[in-house]
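Visitor:
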Amino acid sequence: MTVRIEDLLPRAVREVLDRQDKDWTSRSAHASGDESVIYLTSCGTTDITQPYHSLSYLAGTLDDSGHSYVVRDLAIEFWHYMMSPPVVEQLRAVCVRRLEAEPEEDSLLPFFIDTLDDSRRFQRAFATLRDEKAFYELPAYLDAVRELSLLPRLMTLLSRSAVYRTFSSASPPGMEHDRINLVTLRREIEAGFGIDVVDAFYDHHADRIAAMRPGLVGLTIPFISQLEHSLALAARLKRRGVPVVIGGPIAAKFYKYIDDVTELKALDFAVDYLVTGEGETPIKRLADHCQRGAELGDVDNLVDVRDPRPLKRFFFENVNALPSPNYGVWDYDLYASPKPGALYSPTRGCYWNKCSFCDYGLAMNTPTSPWRTRTPERVIEDLQLASKYSEHFFFAVDVLSPAYALKISEALIASDLDIKWMADFRLEKSYRTENTEVFARAGCLGAAFGMESTDQDVLDIINKGTEVLRLESLVGSFADAGIPVQLMGFTGHPGETRRQAQVTLDTAEALLESAATVALGKFGLTPGADIALRPDHYGIDVHYDPSGDPAIPWELDWSHREPVDAYPEDDFEHALRLVRGFPYPFLGATCTLHSLLYFEKCSRAPFPIPQWGYAQTWEAFDVIPFYHSHSDHNGTTLLSGLTGRAVVLEGERAKLFATLFDRGGWLRIDARGGLSRQVQILLDFLIKNALAMFLPAETT
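For the sequence shown, position 111 (counting from the first letter as 1) is numbered 148 according to the working numbering, and the numbering increases by one without interruption.
(1) Taking the straight line between their C-alpha atoms, what separation do you get for residue 194 and residue 145?
(2) Rounded to whole angstroms, what is the Cα-Cα separation between residue 725 and residue 175?
(3) Roughly how many whole angstroms lie between the Cα atoms of residue 384 and residue 74?
(4) How big is the Cα-Cα spacing for residue 51 and residue 405?
(5) Looking at residue 698 and residue 686, is the spacing between their C-beta atoms short of 8 Å?
(6) Sort out for me which residues DSSP pairs residue 525 with in a bridge.
(7) Do you know how far the Cα of residue 497 is from the Cα of residue 199?
(8) Going by DSSP, what residues sit across from residue 705 in a beta bridge?
(9) On the CB-based measure, 16 or more other CB atoms within 10 Å of its CB, does residue 38 come out buried or exposed?
(10) Answer yes or no: the CB of residue 557 versus the heavy atoms of the ligand SAH, is any distance below 7 Å?
(11) Measuring alpha carbon to alpha carbon, tell me which residue in 554, 656, 542 and 645 is nearest residue 611.
(12) Applying the 10 Å Cβ sphere with the 16-neighbour rule, what's the burial state of residue 584?
(13) Less than 8 Å between the C-beta atoms of residue 629 and residue 221, yes or no?
(14) Could you tell me the distance, in whole angstroms, from the CA atom of residue 519 to the CA atom of residue 188?
(15) Which value, in whole angstroms, describes the spacing of the CA atoms of residue 101 and residue 90?
(16) How long is the line joining the alpha carbons of residue 213 and residue 197, rounded to whole angstroms?
(17) From this set, 567, 575 and 596, which residue's C-alpha is nearest residue 581's C-alpha?
(18) Near residue 35, which residues of its chain fall below 6 Å by C-beta distance, leaving aside the five closest residues on each side in sequence?
(19) Just to check my reading of the structure: residue 309 and residue 343 have Cβ atoms closer than 8 Å, yes? What is that Cβ distance to the nearest angstrom?
(20) Under the three-state reduction of DSSP, which class applies to residue 38: helix, strand or coil?
(21) CA-CA distance, residue 647 and residue 83?
(22) By how many angstroms is the C-alpha of residue 77 removed from the C-alpha of residue 544?
(23) In this structure, does DSSP put residue 639 in helix, strand or coil?
(24) What residue range is occupied by the uninterrupted beta strand (DSSP E) comprising residue 672?
(25) How would you write the range of the beta strand (DSSP E) that residue 461 sits in, first residue to last?
(26) Please go through the stretch 200 to 270 and give each complete beta strand (DSSP E) segment of 3 or more residues, from N-terminal end onward.
(27) Count the other C-beta atoms from every protein chain shown that fall within 10 angstroms of the C-beta of residue 386, then say buried if there are 16 or more, exposed otherwise.
(28) What ranges does the alpha helix (DSSP H) occupy inside the stretch 55 to 102, keeping only unbroken runs of at least 4 residues that lie completely in it?
(29) According to DSSP, residue 588 sits in a beta bridge with which residue or residues?
(30) Does the structure place the stretch 498 to 511 close enough to the stretch 615 to 625 that three or more beta carbon pairs sit under 8 Å?
(31) Considering only C-alpha positions, which residue in the set 637, 733, 299 and 410 is nearest to residue 521?
(32) Please classify residue 250 as buried or exposed, where buried requires at least 16 other C-beta atoms within 10 Å of its C-beta.
(33) In the DSSP assignment, the alpha helix (DSSP H) including residue 513 goes from what residue to what residue?
(34) How would you call residue 467, buried or exposed, if buried means at least 16 neighbouring beta carbons within 10 angstroms?
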């Protein structure tokens, strides 16, 4: 007789799962009805502020075709389960047992034992982000995000092999230096998480789903942080005889990146089918097969993992012909925001589609998919339906063209539809001030631009097709219209010199005077980028050895063929100082619901969003401690609320921190007379270890 982990857990934990089932069943018309129902879900660590829209689009397709289905967001339910007091108590007990077994194994175990003694702390933090008053009070918001940041770190501490940095950034089992080893991935997934309450969550849901006798379970995987959890559920379902299909950008990259498609059979322990691109047509064909007995045959964008073969054709949907997405499938009360938010895609693909680094999952032989648009009339129809559930939208697109954005804005104004929205744009010459004013009247409250670099020679190498000279005036025209601008860029592109990287860093710092945020990262080379496909053109060598176990190439090593005076790879201090806001999906992260809600309250500079560093031009500023601390005989451990990294202080340094930041108080710095050497050392230490955030005094 098999003993289930769930049965070994306290009754209070089982009651949490049963209560979640009851709440969901009462909302879902098909939860206990038709056999062969299509069960659509999302798992793992991802955006906790709003649902991901791919399942809304699949639901709309199945509505239109008359198939029965259910949608359940197990990703957000997982975190509610993990935050519940009975589960927190079990997690604390795990920490205690591990510390007793290996007292020196990890210095963070004592920290979490103390922290988890308050079993309701995570629920209180989550409630703050749902409170319409507390959400907009910066100290309360800071405390809530700092608390919730502990959850991914705790998962890392207790998991067998995965690393969870934030809610959307992780290294799943099998992640090696430049690849995901499929043999290791399978072995680790089949071994379980190593955390009883987590394994019990997926055992429970596999049992409940199997009891429904669905025709198919569909799992969407937009983020790498969802891979372990998605396959954990999928493997359990396969063992129970339930067919499984996975899709989304991460699943698509498995097909796109692998050297030999037949090696995808390594996934057949968990998966029957893999969708390699857009999923509306595949899900309809699969539903016909499951519910109406139709012959499946060859389906564009669909790989049978049990017998994987190269696709005969890669297919892109006719975006304008698709039915409206269904946003009524979600329980918006489950998400960590005071108001509901929704993702909506009026376009797909990119009209430029030439950038050297671009490598989006839902395309094969181009940086991203071809640009396709929905007519303004269809967009208004979609948004009128969606506005029953949300008034705040991020237009989740690769890019809006100036002409298309203007048409959509004019249609919104004419419709009297009162929504707020933000979107990604390109730095085009054709934007005019009068256009941005139309966007603002149509409810636009955020514009994100991929500036990439602010050195024209680097932009030309990237083949970006934009001009640096337009950047400042374009940011100004949006800002003047009351549309906050979020800029994205990176350093380290092949061929970029130290001087050119410094130009980008200096320009980004200057732009923070008018832009809401500037996010600068480090270049990473992925297998589908033009750079990887044409290394000779960029003067580099790509270093990847395909021998060994079946694997998915992920982020590739490379080197210049000729010497280049490049910016040091490990020097991120300047870039870190410019980061304004919190890790995704919180305030300041590009194109998030929390950023949109804050921009609705404050649409013009200065923006009261703390940075990871301070500017030399600030006359006075607040230093906001953003860490958790724990003291014992080994010293004081400080755990960053931004990165999850820990640093241990001893002796006088520990006493200094306790004195300066007693009970989390803010420290005001008067810099009008310059900073002493001791203060500079302290501030540099805080920035290097991401232990504080900084806010100019005039914004507080």
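For each residue, glycine too, the CB sits at the ideal point set by N, CA and C.
Guide: In terms of the structure at hand:
(1) Their backbone Cα atoms lie some 8 Å apart in a straight line.
(2) 23 Å
(3) Each residue's alpha carbon lies about 30 Å from the other.
(4) In this structure, the straight-line span from the alpha carbon of residue 51 to that of residue 405 is close to 44 Å.
(5) no
(6) 487 and 556
(7) 39 Å
(8) 659
(9) Only weak support exists for where residue 38 lies, its pLDDT of 45 falling under 50; the coordinates are left without a value.
(10) Only the bare structure without any ligand can be found here, which leaves the ligand SAH out of the picture.
(11) Comparing Cα positions, the closest option is 542.
(12) exposed
(13) no
(14) In a straight line, the C-alpha of residue 519 is about 36 Å away from that of residue 188.
(15) 17 Å
(16) A direct Cα-Cα distance of roughly 15 Å separates residue 213 from residue 197.
(17) 596
(18) The structure shown does not extend to residue 35, since the chain is modelled only from 38 to 737, so the question has no answer here.
(19) Contact flag correct, Cβ pair sits at about 6 Å.
(20) Per-residue confidence for residue 38 stands at a pLDDT of 45, beneath the threshold of 50, marking its modelled position as unreliable; no derived number is given.
(21) 23 Å
(22) Residue 544 and residue 77 have their C-alpha atoms some 45 Å from each other.
(23) coil
(24) 672 to 677
(25) 457 to 462
(26) Annotation note: the stretch 200 to 270 contains the following uninterrupted beta strand (DSSP E) runs of length 3 or greater, listed N- to C-terminal: 216 to 218 and 253 to 257.
(27) buried
(28) 91 to 102
(29) 218
(30) no
(31) 637
(32) exposed
(33) 508 to 517
(34) exposed
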